[in-house]
Amino acid sequence: MGKIKSTFQRYEKKYLLDENKYYKFLNKIEDKMRIDDYGKVTICNIYFDTEDSRLIRYSLDKPVYKEKLRMRSYDVPNSKSTVFVELKKKYDGVVYKRRENMLIVEAENYLYRGEYPSFESQVLHEIDWFINHYKTIQPSMYISYERIAMYGIEDSEIRITFDENILWRDTELDLKKGSWGNPIINKNEYLMEVKIAGGMPFWLCDALNSLEIYPRSFSKYGIAYQMQQGYIDMINTEESYEREVFAC
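Terminal number for the sequence shown in my numbering: 1073, no gaps in between.
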């Protein structure tokens, strides 16, 4: 296994696919992309926010700059598992992610009880500044999903992920409690994310355009919060939405 990457800087675009377009799109990119070695993985997250949900309420206004903090595990963890503590920022369309891996007990002590980890790093200093700046950071939402990740054969920096069975809950905010909750999208629908460092290659633009697959705004935490508040119901591919333009 290679060194765990702790920093990311890239563009991310999201698309909601029904089952028909999902399989057609996979067929179009099969000569350009490969599924990574992990196959399908259950990703579990705890999102952190202030007591008054300041971060997600601000994010829903679509500002130029926004940020969020989460704890993430790959598969449901146990008390001896390693997890990631991630600080994710978006500025003017570019996504920046900084993360640190540690034992789950250390991450929980840090994020739930304010006990600093047994080591120091630049990423931890940035996360610590975030926590101190917002003052009342606490666990806010659990979100999990099953993900298949693919990478480019010619350019491994091109990443495409497909998420299904996206679930949220606002109780038992413990990664070890398992993957269960309220669905965000319908069964047999897939949230696709295209993650690239620069311009989108022609073959990918062509595959998307030929199937009339267009990007849309989609925040898992944002949608879960709106469902929690009773503002919206489940998201689906039949909804009308404003198409975004993404330069190839």
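Glycine is no exception: its CB is placed at the ideal position from the N, C-alpha and C atoms. Being a predicted model, the structure only gives us computed values, none of them experimental.
Give the straight-line distance between the Cα atoms of residue i and residue j, rounded to the nearest whole angstrom.
i: residue 826; j: residue 1050; result: For residue 826, the predicted structure reports a pLDDT of 36, less than 50, and the residue's modelled location is therefore unreliable. A value from the coordinates is still provided. Distance between the alpha carbons of residue 826 and residue 1050 is about 36 Å.
i: residue 927; j: residue 1033; result: 38 Å
i: residue 877; j: residue 1038; result: 36 Å
i: residue 1031; j: residue 986; result: 18 Å
i: residue 1042; j: residue 885; result: 10 Å
i: residue 1011; j: residue 990; result: 8 Å
i: residue 1019; j: residue 983; result: 8 Å
i: residue 1082; j: residue 916; result: The shown model of the chain, from 826 to 1073, leaves out residue 1082, and the question about it has no answer.
i: residue 1040; j: residue 921; result: 19 Å
i: residue 858; j: residue 971; result: 19 Å
i: residue 1006; j: residue 893; result: 21 Å
i: residue 1065; j: residue 1047; result: Here the model assigns residue 1065 a pLDDT of 45, short of 50, so the residue's position is not dependable and the matter cannot be decided.
i: residue 1035; j: residue 834; result: 28 Å
i: residue 962; j: residue 910; result: 14 Å
i: residue 832; j: residue 863; result: 20 Å
Let me know if residue i comes out buried or exposed under the rule of 16 or more other beta-carbons within 10 Å of its beta-carbon.
i: residue 874; result: buried
i: residue 881; result: buried
i: residue 1022; result: exposed
i: residue 978; result: exposed
i: residue 988; result: buried
i: residue 887; result: exposed
i: residue 938; result: exposed
i: residue 940; result: exposed
Helix, strand or coil: which one does DSSP assign to residue i?
i: residue 1031; result: helix
i: residue 912; result: strand
i: residue 1025; result: coil
i: residue 853; result: helix
i: residue 1072; result: Caution is warranted here: a pLDDT of 39 is assigned to residue 1072, below 50, making its placement in the model unreliable, and the coordinate value is therefore given only provisionally. Coil at residue 1072, not helix or strand.
i: residue 889; result: coil
i: residue 970; result: strand
i: residue 998; result: coil
i: residue 881; result: helix
i: residue 1043; result: coil
i: residue 1007; result: strand
i: residue 983; result: coil
Identify, in the order they occur along the chain, each residue of the same chain with its Cβ nearer than 7 Å to the Cβ of residue i, setting aside the five sequence neighbours on each side.
i: residue 942; result: 927, 931, 935, 949
i: residue 951; result: 912, 923
i: residue 1004; result: 867, 869, 901, 969, 992
i: residue 899; result: 866, 868
i: residue 965; result: 872, 873, 874, 878
i: residue 944; result: none
i: residue 786; result: The requested residue 786 does not occur in the structure, where the chain is confined to residues 826 to 1073.
i: residue 796; result: This structure cannot settle anything about residue 796, because the visible part of the chain is limited to 826 through 1073.
Give me, in chain order, the residues of the same chain whose beta-carbon lies closer than 6 Å to that of residue i; leave out the 5 immediate sequence neighbours on both sides.
i: residue 929; result: 902, 906, 908
i: residue 1015; result: 842, 847, 987, 989
Residue i and residue j: beta carbons closer than 8 Å?
i: residue 1009; j: residue 1060; result: yes
i: residue 975; j: residue 861; result: yes
i: residue 995; j: residue 1053; result: yes
i: residue 959; j: residue 998; result: no
Using a Cβ-Cβ cut-off of 8 Å (strictly less than) and excluding sequence neighbours within five positions of residue i, which residues of its own chain qualify?
i: residue 1028; result: 854, 857
i: residue 980; result: 1026
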